[in-house]
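Student: I am attaching a structure below and will ask some questions about it afterwards.
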Amino acid sequence: MVYSGDYATRDEEGFLYYLGRRDQQLKVAGMRVSPEEIETVIASIDGVSECVVAGAGGDDNGDWIVAFVIAQGSLDEAGVLRACAQHLPRHMIPREVRLCPSFPRLDNGKTDRVALRDSLRRLPGETIWPATPVGSDQLGGGHGR
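First residue of the sequence shown? That's 0 in numbering that gives the first Met the number 0, and the numbers climb one at a time after it.
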């Protein structure tokens, strides 16, 4: 047995279901992804006041990246995704953007990242669909294609 830092569950038939990692690193398409890199890009978008990126146990391709965003003005999910596509490689573009009026906070005032990440938990076999489907034709330029 090898300790990988991954969380998984095993069903009655012995199949393993990947749930996430102990640290904040995500695995997407076989590559390690730092949520902080994505957060930096999203935080630079006009109209974003705060952002947290988390991974939801996705599919055979790895984690699904979900961005929680507190936005001001007319910024919407598709606008966040378009901006990400201009500045991030394809495997780092969030699968879903969730606009939030606020984030849960800890007693010290910091964002409760665990509560946000826990809101993504799902049962094996359930699918998380993007709140706003965006096709590759809508993502525009960017690198990593």
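Idealized CB from N, CA, C, for every residue including glycine. All figures in this text were calculated on a predicted structure; none of them were measured in a lab.
On the DSSP bridge assignment, give the partners of residue 145 in chain order.
Tutor: Limits of the chain in this structure are 0 at one end and 144 at the other, which puts residue 145 out of reach.
Student: For residue 92, collect the residues of the same chain with a Cβ closer than 6 Å to its Cβ; drop the 5 residues on either side in sequence, then sort them by chain order.
Tutor: So the qualifying residues of the chain are 83, 84.
Student: Under 8 Å between the Cβ atoms of residue 115 and residue 40?
Tutor: It is not a contact, given that the beta carbons lie outside the stated cut-off.
Student: By how many angstroms is the C-alpha of residue 53 removed from the C-alpha of residue 117?
Tutor: Those two C-alpha atoms are separated by around 9 Å.
Student: Using the C-alpha atoms, what's the distance from residue 43 back to residue 25?
Tutor: C-alpha separation (whole angstroms): 21 Å.
Student: Can you list, in chain order, the residues of its chain with a C-beta nearer than 6 Å to that of residue 32? Leave out the 5 residues immediately preceding and following it.
Tutor: Cβ within range, chain order: 25, 91.
Student: Around the C-beta of residue 7, are 16 or more other C-beta atoms found within 10 angstroms, so that it is buried, or is it exposed?
Tutor: Label assigned to residue 7: exposed.
Student: If I'm right that residue 119 touches residue 111 with Cβ under 8 Å, what's the distance once you round it to whole angstroms?
Tutor: So it is not a contact: roughly 13 Å between Cβ atoms.
Student: Going straight from the alpha carbon of residue 11 to that of residue 78, what length do you get?
Tutor: Looking at the two C-alpha atoms, the distance is approximately 43 Å.
Student: Kindly indicate which residue of 96, 67, 13, 64 has the alpha-carbon position closest to the one of residue 76.
Tutor: The shortest Cα separation from residue 76 among 96, 67, 13, 64 belongs to 96.
Student: How big is the Cα-Cα spacing for residue 67 and residue 107?
Tutor: Approximately 20 Å, taken between the alpha carbons.
Student: Please report how far the alpha carbon of residue 36 lies from the alpha carbon of residue 15, in whole angstroms.
Tutor: If I take the Cα positions, the gap works out to 29 Å.
Student: Chain B beta carbons: is any one of them nearer than 8 Å to that of residue 93?
Tutor: Given the protein chain composition of this structure (a single chain), no chain B is represented.
Student: Among 69, 34, 74, 94, whose alpha-carbon lies nearest the alpha-carbon of residue 102?
Tutor: The candidate whose alpha carbon is nearest that of residue 102 is 69.
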